[in-house]
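With the numbering used here, the residue at position 405 of the sequence shown is 456, and numbering never jumps. Think of the CB as a built atom: it goes at the ideal place given N, C-alpha and C, for glycine as much as any other residue. Values in this document were obtained by computation on a predicted structure and should not be read as measured data. In what follows, a structure is listed as structure tokens, so that the remarks can point back to it.
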Amino acid sequence: MGSSPFDAWITNDPEVTSLLAREWERQTTTLQLIASENFASPAVMAATGSILTNKYAEGYPGRRYYGGNQVVDEVEELARHRLTSLFGADHANVQPHSGANANVAVYQALLEPGDTILAMRLDQGGHLTHGSPASITSKWWNFVSYGVTPRSDDPAHPGELIDFDNVRELAHAHRPKMILAGATAYARIIDPAPFREIADEVGALLMFDSAHVAGLIAGGSHPNPVPFSDVVSFTTHKTLRGPRGGAILCREEFAKKIDSAVFPGQQGGPLEHAIAAKAVSFKEASLPSFATYTNQIVANSKAFAAALGAEGFRNVSGGTENHMVLLDLRQFDEELTGKVAQEVLDRAGITTNRNTIPDDPRSPFITSGLRVGTAAQTTAGMKEREFAAIAAMMARALRHRDDDAEIVQVRSDVAALCADFNPYGSFTKL
Ligand SMILES: *Cc1c(COP(=O)(O)O)cnc(C)c1O
């Protein structure tokens, strides 16, 4: 990729320069299978590293607290306009520094402390900000959690899908002020329609946290929750492939409340360099090539899930419809924990994360599951064939986890594959 005029300055700081070089090496010679990660385009990275980092712009376009915002007002307007067009939303706030900030801002905007939110169980796929005891969200709001249906051995009805009977029952019993759809470890399409129906039955607001699947929605591979939801929050750095950050879409009637909750409610000055990079990514996501990309992500996940299944790993919910595969390791090897699998695969140059699975008998620190994603390596150009090969490499490393020579061999096969699919070697301008 091209170098910025400031690259030379970094070389005056040998410690940071060497850390950046080592991370470049890691990202381009090992496989990035963490479902929440991606490779942002050089254009997104250039905007993130731009001069806009210098500007204070507390407030919103046309209503700033400091002077000199002529240009950043246009930057933020452009980002908001591109985002509302991309998803067909009334209003966009592009200032949240992260997905977690976006979620807390939504709760703050639309709820009173102590109000009830009905959200997905954390050990079955929900996110920390959906009421984890460790998160501030559980201290300010009262969370009630729905789960997935029981697992079944009937391949036609595998179970482990969002249990809408459970959602409805809990909604009627607890009368939540808000129902929250969305997950961090769930491999199926989340249909917004039944959530809307249940929210209407009990007079609740519907919030859709599309942090993981925002890119799949933008590309048309997943249903758009915007027409069904009062608010949609998401991260910009997962499947959407923008800079690290968050954003919120809402109906016009909530615009003022959402904006005030983000600033001054949660944050001070916005990161206008990140907002410019978000604008770049929203444009990239609106192009036909992005739809091709997200359809390939899903096709790759399906091929990956099938190949992993053939190696003996059980797919939680029986398969995938998005960018991730959630594996139950017990069928592959009863003794193998998520923690050990993650460590072995790290040694083999395959970066993944351990994850709890529904009814996991092991603790969240150990787990019986592993989550793998296809978004990043699909950006690097990999297709079904490469993901089938990766499944075989994973199985080989895990079967021979006590054999160092075999792990070294897998590591070298991984490096050979990565050399053919360098994300920044092959990145074509969208
Ligand atoms: C990743 C994620 C978030 C939080 O995003 P951060 O940018 O890490 O704060 C929120 N909700 C869900 C469902 C997520 O997967």
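Item: Distance cut-off 7 Å: N154 Cβ against heavy atoms of ligand 1; Value: yes
Item: Counterpart residues of T286 in DSSP-defined beta bridges; Value: G297
Item: Closest by C-alpha distance to F215, when choosing among V145, S352, E163 and P245; Value: P245
Item: Test item: CB-CB of G270 and A336 under 8 Å; Value: yes
Item: Contact test: A151 Cβ vs ligand 1 heavy atom, cutoff 7 Å; Value: yes
Item: 8 Å Cβ cutoff met for A91 and G424; Value: no
Item: Closest by C-alpha distance to F355, when choosing among N346, H374, S272 and F341; Value: H374
Item: Touch test, the region 66 to 74 against the region 459 to 469, Cβ-Cβ under 8 Å, three pairs minimum; Value: no
Item: Assigned exposure category for K329 - 16 Cβ within 10 Å defines buried; Value: buried
Item: Rounded Cβ spacing between D141 and R302 (contact assumed at less than 8 Å); Value: 5 Å
Item: Close beta carbons around R226, own chain, < 6 Å, minus the five adjacent residues each side; Value: V253
Item: Residue closest to E163, alpha-carbon to alpha-carbon, out of A312, A298, A443 and D251; Value: A312
Item: CB contact below 8 Å: A426 versus chain D; Value: The chain inventory of the structure shown lacks chain D, comprising one protein chain alone.
Item: Length of the line joining the Cα atoms of A325 and G319; Value: 14 Å
Item: Distance cut-off 7 Å: G198 Cβ against heavy atoms of ligand 1; Value: no
Item: DSSP beta-bridge partners of G110; Value: R115
Item: Span of the beta strand (DSSP E), counted from its first residue to its last, around A431; Value: Element bounds for A431: n/a, residue is neither H nor E.
Item: G53 in three-state terms, based on DSSP; Value: No answer about G53 holds up, because its pLDDT of 47 lies below 50 and its placement is not dependable.
Item: Minimum C-alpha distance to A359 - residue among L421, Q347 and E394; Value: It is worth fixing the name first, because residue 359 is Leu in this sequence and not Ala. Comparing Cα-Cα distances from L359 to each of L421, Q347 and E394, the minimum goes to L421.
Item: Simplified DSSP state of H178, which is helix, strand or coil; Value: coil
Item: Ligand 1 heavy atom lying under 7 Å from the CB of H178; Value: yes
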